[in-house]
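Q: Take this structure first; my questions come after.
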Amino acid sequence: MPTTSPIARTSHLTLRVSDLARSRGFYEQALNLHVVGEDPKGRLYLSPEPGDLEPVLVLEQAADAGAETPRVEPEPYIGMEHWAFELDAEDISALKAVYRRLKEIGAEIHHTVDHRVTESIYFLDPDRNMIEIYLNTPRERYAEHMDHPYDSLGDIDDRLSDKAG
Amino acid sequence: MEFKVRRSGHIVIRVADVARSARFFTDVLGLTIIGNTDRQMYFLTADFEANHHMVLVRPAKPGAAQPDPDRRIGLAQAAFEVGSLSDLKALYARLRAAGATIERSEDRGAIKALFARDPDGNLFEFYCREGGGTPKLADRYRVRGSIDHLLAPAPASA
């Protein structure tokens with residue numbers, strides 16, 4: 001595909017949180033992220049590996065802990081509402097491991113879905129942001145569906161739970 | 001089995017005017033619409049092979065609240081890397097031409113960055129690395145000055 005965009009790639013997201021310690025603990029546990037640095041303003045830089053200085057997430061304490069917080073459906077506000085992390089994996093076992101982890105730590109799983117281009121788990125963080133973690137499906141499969149990449153083929157709860165084979 | 005995150009894949013933005021936002025992400029940022037649905041959801045990417053979508057723009061419901069993006073709890077900012085300083089200059093020119101709100105630029109040593117807003121006021125960082133390689137963590141936050149003079153060179157004095 002020809003591209004004229006100066007944009008090369010997605011980098012990190014900055015998340016403003018109501019309780020920095022709580023959100024840090026959550027992302028360390030839920031997504032195996034590691035705090036690799038802290039800046040003079042107290043923002044925490046989180047990467048997939050300790051020592052990896054390419055953060056995927058930056059957490060900052062909200063100055064106003066009573067500020068408006070995210071709302072999931074049915075009435076989200078205008079603004080950046082949701083984001084998705086991609087798993088560094090090729091097969092479903094990694095997504096199953098995330099699913100197990102989220103259950104273990106008592107995170108609220110909102111839903112799971114086969115999106116054709118990805119298989120995804122949507123869950124809520126401590127501020128009730130809705131986060132997606134996804135596994136890319138094989139390229140041949142998603143190339144067939146690129147005009148409607150996020151059609152839903154239903155949930156994958158059985159596929160992710162230990163009950164499934 | 002253990003697992004590891006590879007990257008942040010995409011963000012989803014609820015917008016006040018989906019046509020206006022789609023124009024911003026295509027005409028100004030240069031992303032390509034790789035799909036849209038009958039629910040007016042636009043899937044945008046700079047490179048389908050590398051990432052099937054980077055941004056999803058979808059309409060907010062009529063009358064939806066719009067809390068201050070600089071104060072509210074939640075996603076505060078999304079950062080994108082551009083290929084080079086010349087790409088950053090080109091992006092600056094496109095943002096200026098479109099009348100977008102440009103907040104500031106930053107010289108952070110190995111990272112040169114530009115901050116600008118989309119039509120709903122969401123804040124984005126665009127940056128390039130100088131010299132390639134992985135910048136030191138301090139290059140992520142230690143601001144040495146601006147790069148305004150690099151982005152828009154002053155006309156030569158008469």
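In order, the protein sequences belong to chains A and B.
Numbering follows this note's numbering, with no gaps: position 35 of the first sequence is 35.
Numbering follows this note's numbering, with no gaps: position 56 of the second sequence is 56.
All C-beta atoms in this analysis are idealised placements derived from N, C-alpha and C, irrespective of residue type, glycine included.
Bear in mind the structure is a predicted one, so any value in this text is a computation, not a measurement.
1. Mark residue 105 of chain A as exposed unless 16 or more other C-beta atoms lie within 10 angstroms of its C-beta, in which case mark it buried.
2. Here's the rule: buried if 16 or more other CB atoms are within 10 angstroms of the residue's CB, otherwise exposed. What is residue 125 of chain A?
3. Keeping to the same chain, check which residues put their C-beta closer than 6 Å to that of residue 54 of chain B; ignore five residues upstream and five downstream.
4. Do you know how far the Cα of residue 40 of chain A is from the Cα of residue 107 of chain A?
5. Rounding to the nearest angstrom, what Cα-Cα distance links residue 15 of chain A and residue 159 of chain A in this structure?
6. Rank B:134, B:103, B:138 by C-alpha distance to the C-alpha of residue 123 of chain B and give the top, closest one.
7. Taking the C-alpha atoms as reference points, what is the distance between residue 26 of chain B and residue 32 of chain B?
8. Specify the secondary structure class of residue 73 of chain B as computed by DSSP and reduced to three states.
9. What number of angstroms, rounded off, separates the C-alpha of residue 47 of chain A from the C-alpha of residue 95 of chain A?
10. Give me the Cα-Cα distance between residue 71 of chain A and residue 14 of chain B, rounded to the nearest whole angstrom.
11. With 9 Å set as the bound, which would you pick, yes or no: does the beta-carbon of residue 104 of chain A sit closer than that to a beta-carbon of chain B?
12. By Cβ distance below 8 Å, which residues in the same chain neighbour residue 164 of chain A in space, the five residues on each side in sequence not counted?
13. Can you tell me the Cα-Cα spacing of residue 144 of chain B and residue 80 of chain B, whole angstroms?
14. Using 10 angstroms around the beta-carbon of residue 152 of chain A, count the other beta-carbons present and answer buried if the total reaches 16, otherwise exposed.
15. Give, in chain order, every residue of the segment 8 to 42 of chain B whose Cβ lies closer than 8 Å to some Cβ of chain A.
16. Considering only the beta carbon of each residue, do residue 156 of chain A and residue 112 of chain A sit closer than 9 Å?
A: So, to answer that:
1. Around the C-beta of residue 105 of chain A, fewer than 16 other C-beta atoms lie within 10 Å, and the residue is accordingly described as exposed.
2. Sixteen is the threshold: when 16 or more other Cβ atoms of the shown chains lie within 10 Å of the Cβ of residue 125 of chain A, as they do, the residue is buried.
3. For residue 54 of chain B, where only same-chain residues beyond five positions count, the Cβ hits under 6 Å are 10, 45.
4. The alpha-carbon atoms of residue 107 of chain A and residue 40 of chain A are separated by roughly 30 Å.
5. Those two C-alpha atoms are separated by around 31 Å.
6. The candidate whose alpha carbon is nearest that of residue 123 of chain B is B:103.
7. The straight-line gap from Cα to Cα measures roughly 6 Å.
8. In the structure shown, residue 73 of chain B sits in coil (DSSP, three-state: anything other than H, G, I, E or B).
9. If I take the Cα positions, the gap works out to 19 Å.
10. CA-to-CA, the gap between residue 71 of chain A and residue 14 of chain B works out to about 12 Å.
11. Residue 104 of chain A does not count as touching chain B.
12. For residue 164 of chain A, the predicted model reports a pLDDT of 47, less than 50, meaning its position is unreliable and no value from the coordinates is stated.
13. Going by the C-alpha atoms only, they are around 20 Å apart.
14. With fewer than 16 neighbouring CB atoms inside 10 Å of its own CB, residue 152 of chain A falls in the exposed class.
15. Close to chain A, meaning a Cβ-Cβ distance shorter than 8 Å, are the following residues of the segment 8 to 42 of chain B: 8, 9, 10, 11, 12, 13, 14, 15, 16, 29, 30, 31, 32, 34, 35, 37, 41.
16. Going by C-beta atoms, residue 156 of chain A is nearer than 9 Å to residue 112 of chain A.
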